[in-house]
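Student:
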Amino acid sequence: MTDLFPSAPAAPTTTAPTRPAPDSVANAAATPDREQPYGALGLKADEYASIREILGRRPTSGELAMYSVMWSEHCSYKSSKNYLRQFGTKTTEAMRKNLMVGMGENAGVVDVGEGWAVTFKIESHNHPSYIEPFQGAATGVGGIVRDIISMGARPVAVMDALRFGAIDSDDTARVVHGVVSGISFYGNCLGLPNIGGETYFDAVYQANPLVNALAVGVLRHEDLHLANARGVGNKVVLFGARTGGDGIGGASILASDSFSAGGPTKRPAVQVGDPFAEKVLIECCLELFREKLVEGIQDLGAAGISCATSELASNGDGGMYIELDKVLLRDPTLTAEEILMSESQERMMAIVTPEKLDGFLRVVEKWDVETSVLGEVTDTGRLVINWQGEEIVNVEPRTVAVNGPVYDRPVAYPTWIDALNADTAATLPRDGDLRGQFLALLGSPNLASKDWITNQYDRYVMGNTALSFPDDGGMVRVDEESGLGFAVATDANGRYCQLDPYQGARLALAEAFRNVAVTGATPVAVSDCLNFGSPENPEVMWQFSRAVEGLADGCLELEIPVTGGNVSFYNQTGDVPIHPTPVVAVLGVIDDVARRIPSGWQDEGDNIYLLGTTALELDGSAWAGVIHDHLGGLPPAVELDAERALAALIAAGGTESLVASAHDLADGGLAQALAEAVLRFGVGARIWLTEIMERDGVDATTALFSESTGRVIVSVPREDDVKFRGLCAGRGYPVLRIGVTDNSGELEVQDHFTVQLDELRGTHRATLPQHFGPVVGQ
Amino acid sequence: MRIGVITFPGSLDDRDAQRAVRLAGAEPVALWHGEHDLQGVEAIVLPGGFSYGDYLRAGAIASLSPIMAEVIAAAEAGMPVLGICNGFQMLAEAHLLPGGLVRNDHGSFICRDQALRVENASTAWTSGFADQQQITIPLKNGEGGYIASDETIARLEGEGLVAFRYLDVNPNGSMNDIAGITNARGNVVGLMPHPEHAVQEGFGPDTPAAMRSGIDGLTIFTSAVASLAAAAA
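Chains as they are written, first to last, in numbering that gives the first Met the number 0: chain S, 0 to 777; chain X, 0 to 232.
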């Protein structure tokens, strides 16, 4: 039986004699000179001084705990805020038209029509996933899913953008096994289909893998919820898992340094996830929303109760009173500071009117979700927290959650970049064995089949998955009657971004946009996860500033808004930062998922067309990396107007059912796209390069491996040929017929090479199992 | 015709099973694990998922849920009961079907389009198939390895109680490639693969004809509808 109104767990002051007396506000005022371990909590001297100035006294240890986590880079965006503003200023009214909720809330919300809305967001969980890959990745999924629930939505899909170290490094297998099984464990157990994502291996991520988790939710317009605490007298309710000592970064430092005579407690800094608790929490929240029992809601993620209380109060009437003793604890010896900072998973905080509290409690009891009423909304403008009868926090909430420090970090143009840009791949020899190079690329870790990973994810649950890996984007049906659905894809090429972060960010955007477009959906919104090195390194700040500018400019050109996301700094091994990795997620909408376009050939006798033109653009390419171990030059040009025209062309082709398949050209160029189109359903093809070479003035190596943008291969049934050519001509988009599908069981590139389907498949599938173990049935 | 789908805490494929029932022409009735009321349904589906987080053993806690007393009584009285994946695990834990399910021999969760052979086409849930028909439906589990004593395996094989067998690939180390079994009466069937994910074109497994067009799973639900209709006639 759930205990709905517990008092403080059994008089803690008497049963836990080692627990220190609280540092009250009165005590802080009376002992202004007490030394506080702000440095160990990650605060700089000037930040500590400004906290003292805000409060007019020294902070209590509880207040120090709150400020230290909320003013951390992760929570405050203090190094990135000045740049992220561009996402707002470079958004026009037209771009906001379908935007129901923009940046700043837990996740952006887009109107997709028919009374439906879709919310999505991508977020990093990089550092925990290196220390403890399984739990780090699992709780990364859990955290982003709670963001989606907080908006009032049912989560309906997840995907992940992963970056690991070199595939043959010993530690990579540890991280890969942990991360993949963590995502598999948590996502599968939540009943959310994993519909796509991307995985890259590169030595630059050796001691700093990236785990970026994306979740998508759907809701009816009227179910939208926001994170604010309004209505004086409304109750503040904490529900879900109990609060434990996991995920406490600096709180144990604080507690041990300041108070504990019994020595420091070692608590894990990585959170531990329980997907069953989260699944129950999802269903419980959805029932609370359905019954309209919640006024405002916020999930507990980074900075736990500190974050939830200060953000809810800041976004609402401004005042809140909390009795911290009411928090249900997994470990009764936790100090107040630890409770404030704990990042225990699977917890939510809701604002509930007094009249609806009984109804609220009935629902949580039905789902066996433990709940406690912590306090209420006030009109004092202060966030006041009591503990053991004493006031331990009394702050203006916006000083914690909103008006934290903002830095204009020094920016420096990298000393090495001109030399890197001058070292073009265009001078590399292009007379090698094309067949050998083709197979070397196909089997290279970044282009090889990811079945070993994706076969561990449930892609079927919910019964609405219309596309998933290995297709270019994932697609999910939203409305069973009309077939309305969304598509989503993530992309980022760190090699391009290393060469030019401005262009690299635009390329990531262009590729995600194109990957959504080839499914037949219309791109409508962006979420991003910006992974960079240390912001205290001026060259990294330059990379960051350029990437943000590139992404914001690109979104403006494409007229799709950034709706939210996250910044992850300090990704580096020793002093060496990762390649800038701005992962861009693009969301698209499709009227009827029955009109989705597959990525591979299904029928023999279809004509294969290449849309777009090919230039000598091998700088930063997979070909340069795999064949020549080369990274230098300038990334491919990207013309976003052309990408828009291409997307519109494919959408029209899809609507008129002229296009039997469409597949994006990206890493590995035309060669890789052809291989994947064959492998998707095992239908072969005969291809000729002569017309590409003649029209574009390129050699065969360039035709096969260049990574020029704005290109897609489509297959068109013979009977639709005339209409399709007419469509392209009418829109003025460059198009060439480059081959036909057939039943030969092979991919033939005329005058150059032929590869049997079995060899293609074997090469594509062998690489990951060689390093990580077999795939069932292969 | 009303077919109940029971939701346990941690059930995941309950709404999918309801959709399958609807597409098969019956009315899905949502049942709650904590109650004792079967609401007059004529057949029951125990859906897939991770009831109670698979704590203790998969299906072990759910098999003791309040509503299971009614399910067991109804099954013993002849009502068609289907257990899918976690539901199969519950049926084994509740001793409505013999044997048990253990962690996949390779140790990982596996999701794949799985070829099966229908070994017994005369149960309440398989009568719409041809004997020995080959079908493809999605499989997705972490604890799908079927085990039983030698005597039980011999009895299942001898009496034709193996309902489905894995074809081409044994994805989890199940004894005798067993994917699903039936009780002797043919009203209770459990299987690890998920027929409710192969009921609607566009959302099922790939087939040679078209992407995601496989609907072999629908026959399991239409079989039950047909057997109920036959029993009523």
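Beta carbons are placed, not taken as given, at the ideal position from N, Cα and C, and that holds for glycine.
#1: Kindly indicate which three-state DSSP category Val697 (chain S) falls into: helix, strand or coil?
#2: Let me know if Ala425 (chain S) comes out buried or exposed under the rule of 16 or more other beta-carbons within 10 Å of its beta-carbon.
#3: Along chain X, which residues have their Cβ under 9 angstroms away from the Cβ of Ser481 (chain S)?
#4: Roughly how many angstroms separate the alpha carbons of Gln134 (chain S) and Gly624 (chain S), rounded to a whole number?
#5: Contact defined as beta carbons within less than 8 angstroms: I believe Pro192 (chain S) pairs with Asp457 (chain S). What is the distance between those atoms, to the nearest angstrom?
#6: Where are the alpha helix (DSSP H) runs, 4 residues long or more, that stay fully inside the region 294-377 of chain S, in chain order?
#7: Measuring alpha carbon to alpha carbon, tell me which residue in S:Asp430, S:His751, S:Ile148, S:His662 is nearest Leu280 (chain S).
#8: If we define contact as Cβ-Cβ less than 8 angstroms, is Arg329 (chain S) a contact residue for chain X?
#9: Between Ala254 (chain S) and the rest of its own chain, which residues show a CB-CB distance below 7 angstroms, the 5 nearest in sequence each way excluded?
#10: Where do the ends of the beta strand (DSSP E) carrying Leu95 (chain X) lie?
#11: Given Ala225 (chain X), which residues of its chain have a CB within under 8 angstroms of its CB, disregarding the five upstream and five downstream residues?
#12: Please report the residue range of the alpha helix (DSSP H) in which Gly790 (chain S) lies.
#13: Given that a residue counts as buried once 16 or more other Cβ atoms are within 10 Å of its Cβ, and exposed if not, what is His35 (chain X)?
#14: Can you check which of these residues, S:Ala20, S:Met540, S:Val117, S:Ser707, is closest to Gly388 (chain S) by C-alpha distance?
#15: Helix, strand or coil: which one does DSSP assign to Leu223 (chain S)?
#16: Measuring alpha carbon to alpha carbon, tell me which residue in X:Ala16, X:Pro27, X:Gly203, X:Leu22 is nearest Ile134 (chain X).
#17: At a CB distance below 7 angstroms, what residues from the region 438-471 of chain S approach chain X? Give them in sequence order.
#18: DSSP state of Asn536 (chain S), grouped into three classes?
#19: Determine contact between the region 88-106 of chain S and the region 170-187 of chain S, defined as no fewer than three beta-carbon pairs at a distance below 8 angstroms.
#20: Give the DSSP-derived three-state secondary structure of Leu209 (chain S) in the structure shown.
#21: I'd like to confirm something about Arg164 (chain X): is its beta-carbon nearer than 7 angstroms to some heavy atom of the ligand SAH, or not?
#22: State the beta-bridge partners of Gly196 (chain S) as determined by DSSP.
#23: Can a CB atom of chain S be found closer than 8 angstroms to the CB of Arg102 (chain X)?
#24: Taking only runs that begin and end inside the region 388-463 of chain S, name each unbroken alpha helix (DSSP H) of 4 or more residues, in chain order.
#25: Which of helix, strand or coil does DSSP assign to Asp499 (chain S)?
#26: Which residues of chain S have a Cβ atom closer than 7 angstroms to the Cβ of Leu168 (chain X), listed in chain order?
#27: Return the bridge partner residues of Asp741 (chain S) from the DSSP annotation.
#28: Assign Glu150 (chain X) to one of three DSSP states: helix, strand, or coil.
#29: Assuming Phe485 (chain S) and Ala520 (chain S) form a contact by the criterion Cβ under 8 angstroms, report the distance between their Cβ atoms to the nearest whole angstrom.
#30: With DSSP collapsed to three states, give me the class of Cys84 (chain X).
#31: Quick check on this structure: which residue in S:Asn402, S:Gly738, S:Thr708 has the alpha carbon closest to the alpha carbon of Asp720 (chain S)?
#32: Name the two residues that bound the continuous beta strand (DSSP E) containing Ile136 (chain X).
#33: Does Thr88 (chain S) pass the burial test, meaning 16 or more other C-beta atoms within 10 Å, or should it be called exposed?
#34: Closest Cβ-Cβ distance between Tyr51 (chain X) and chain S: below 8 angstroms?
#35: Using 8 angstroms as the limit for Cβ to Cβ distance, is Phe108 (chain X) near chain S?
#36: Quick check for students: name the residue ranges of the beta strand (DSSP E) that lie wholly in the region 716-768 of chain S, counting only runs of 3 or more.
Tutor: Reading off the structure:
#1: coil
#2: exposed
#3: Going along chain X, no residue has its Cβ under 9 angstroms from Ser481 (chain S), so there is no contact; the nearest lies around 14 angstroms.
#4: Whole-angstrom Cα-Cα distance: 33 angstroms.
#5: 6 angstroms
#6: 303-313, 335-340, 356-365
#7: It is S:Ile148.
#8: no
#9: Because the pLDDT of Ala254 (chain S) is 43, which lies under 50, any placement of that residue in the model is unreliable, and the number read from its coordinates should be weighed accordingly. Within the same chain, Ala254 (chain S) has close Cβ partners Thr334, Glu336, Glu337.
#10: From DSSP, Leu95 (chain X) is part of no beta strand (DSSP E); its letter is neither H nor E.
#11: Ser126, Gly127
#12: Because chain S in this structure spans residues 0 to 777, residue 790 (chain S) falls outside the shown range and cannot be described.
#13: exposed
#14: When only C-alpha atoms are compared, the closest one is S:Ala20.
#15: It is coil, neither helix nor strand.
#16: Among X:Ala16, X:Pro27, X:Gly203, X:Leu22, the Cα nearest to that of Ile134 (chain X) is on X:Gly203.
#17: Residues Asn454, Gln455, Tyr456, Asp457, Arg458, Tyr459, Val460, Met461, Gly462, Asn463, Thr464, Ala465.
#18: coil
#19: no
#20: strand
#21: With respect to the ligand SAH, the structure offers nothing, as it holds no ligand at all.
#22: S:Asp159
#23: no
#24: 396-400, 416-421, 433-441, 450-453
#25: coil
#26: According to the sequence as given, residue 168 (chain X) is Val; it is not Leu. By Cβ distance, chain S contributes Val775, Gly776.
#27: S:Gly683
#28: helix
#29: With 8 angstroms as the limit, Phe485 (chain S) and Ala520 (chain S) qualify as a contact, their Cβ atoms being about 7 angstroms apart.
#30: coil
#31: S:Gly738
#32: In the DSSP annotation of this structure, the continuous segment of the beta strand (DSSP E) that includes Ile136 (chain X) starts and ends at 133-140.
#33: exposed
#34: yes
#35: Chain S, which has a Cβ nearer than 8 angstroms to the Cβ of Phe108 (chain X), makes this yes.
#36: Listed in chain order, the complete beta strand (DSSP E) runs (minimum 3 residues) inside the region 716-768 of chain S are 734-741, 745-748, 752-755.
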